[in-house]
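Asker: The sequence shown begins at 1 in UniProt numbering and counts up by one. Backbone N, C-alpha and C define an ideal beta-carbon position, used for all residues, glycine too. Only a predicted model underlies this, so the values are computations on that prediction, with no experimental measurement involved.
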Amino acid sequence: MFKLLSFVIVLLFFHSITSQQFKPFIQSGRIELLGVVSSYDNPNCCNNTNDLWIFMSIIIPGLVKGNINAISNITNGVFNSIIILRQDVNVNFNYIFSDDNYLFNISGLCESVPTTYIYNTTTGEMLLYINCYDKTKQNINISILPNSTASLVSITPVKCGDSKTNCIEGYCAMFERQIYLPNTKLISTIQDYFCPNDLINTINFESNNVFLVTSYTSSIKNAGKVCVNLGTDSNNIMDDDHSFFWWVSCFYPNSSDEKQFYPLPFISSIYSTQQSFYSGPMNIGKSKLFTSSIFINFSFLFLLTLYYINYFLSL
């Protein structure tokens, strides 16, 4: 009986230090962003001001989870530090972007009642709960999204391959793909280790690349969810001008179980007279891929550069 009581007490104590209780007009919170935990607890800050307060509870798979209760400019700073890290996330908030200070203004999400916003992202469903209040508001009730409590400590960074020595997410990503480019009659190849968030941004970049075949750009979006769930998957279509292959694997690194890249298919066997080139950074690791001859089509790269210039000017 005594052992059972002791166990219950330990559980209650652990719950008390991991869970968070939020009170109006008292700054508090904890955000876990790409594995790095930041605390915003400061009960002596700002509790005598007439400022707008914003409580934010947020979950984006593979990017962030956590809660913060603070005056609007502090919550806004945290919000911006999160959404600028992924294009598939910040694109949902263009309507609250300010051309004056080049920031997203979270107060533009304030409603008369607390509101939960739901968006689709490359890694899954994003949930954002916003509760805005000031000293004129009565009956302020602050609640959090389920499973949004951040960890107590940051994840230990890991090394992924030879060049990615500080992946703060705590796990690694391997990605490779080959695509036939009918306009240039070349085969584009990427094979590399990534930190997971860099891979997600690469996937976003690729899925919006108008120079790549649509069969690939629509398919590659699935790789984001695979990665944040620490999975492995691939897709392969050999269909003339629509030919492509991709493979992704995300995992906790283990020195005793070194991962191997998946053998690339021979798209060049279909287009045997065509050259191939690498269109991304390369870190071979255990790959057997040939690397001494790199063929770059300058017309393709020039058009690609123009595309990105036009994209960013349109934001």
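Which value, in whole angstroms, describes the spacing of the CA atoms of T122 and K221?
Answerer: For T122 and K221, the distance between alpha carbons rounds to 6 Å.
Asker: Can you give me the Cβ contacts of I168 inside the same chain, cut-off strictly under 8 Å, excluding the 5 residues immediately before and after it?
Answerer: Excluding positions up to five away in sequence, the list reads L34, G35, V36, S154, I155, P157, C195.
Asker: Along the chain, which unbroken stretches of the alpha helix (DSSP H) at least 4 residues long are found entirely within the stretch 15-88?
Answerer: Correct list: 72-83.
Asker: In chain order, what residues of the same chain have a beta carbon less than 8 Å from the beta carbon of D134, not counting five sequence neighbours either side?
Answerer: Cβ within range, chain order: N50, D51, L52, W53.
Asker: What three-state label does DSSP hand Y262 in the structure shown?
Answerer: Of the three classes helix, strand and coil, the one that applies to Y262 here is coil, per DSSP.
Asker: Taking just the CA atoms, how far does I96 sit from E111?
Answerer: Rounded to the nearest angstrom, the two C-alpha atoms are 14 Å apart.
Asker: Give me the DSSP bridge partner(s) of V158.
Answerer: DSSP, once it has assigned bridges, lists C167 as partnering V158.
Asker: Buried or exposed: where does P43 fall if 16 or more other Cβ atoms within 10 Å of its Cβ makes it buried?
Answerer: Under this definition P43 is an exposed residue.
Asker: With DSSP collapsed to three states, give me the class of C250.
Answerer: Note: C250 maps to strand in three-state DSSP.
Asker: So what does C110 bridge to, in DSSP terms?
Answerer: DSSP output for C110 lists no bridge partner at all.
Asker: How should E258 be labelled, buried or exposed, when 16 other C-beta atoms within 10 angstroms of its C-beta is the threshold for buried?
Answerer: Answer is exposed; the Cβ neighbour count stays below 16.
Asker: Can you tell me whether DSSP reads D192 as helix, strand or coil?
Answerer: Of the three classes helix, strand and coil, the one that applies to D192 here is strand, per DSSP.
Asker: Please return the same chain residues whose Cβ sits closer than 7 Å to the Cβ of F93, not counting the five positions on each side in sequence.
Answerer: Taken in chain order, the residues that qualify are I83, F104.
Asker: Does Y252 pass the burial test, meaning 16 or more other C-beta atoms within 10 Å, or should it be called exposed?
Answerer: Answer is exposed; the Cβ neighbour count stays below 16.
Asker: What three-state label does DSSP hand L145 in the structure shown?
Answerer: L145 falls in the coil class under three-state DSSP.
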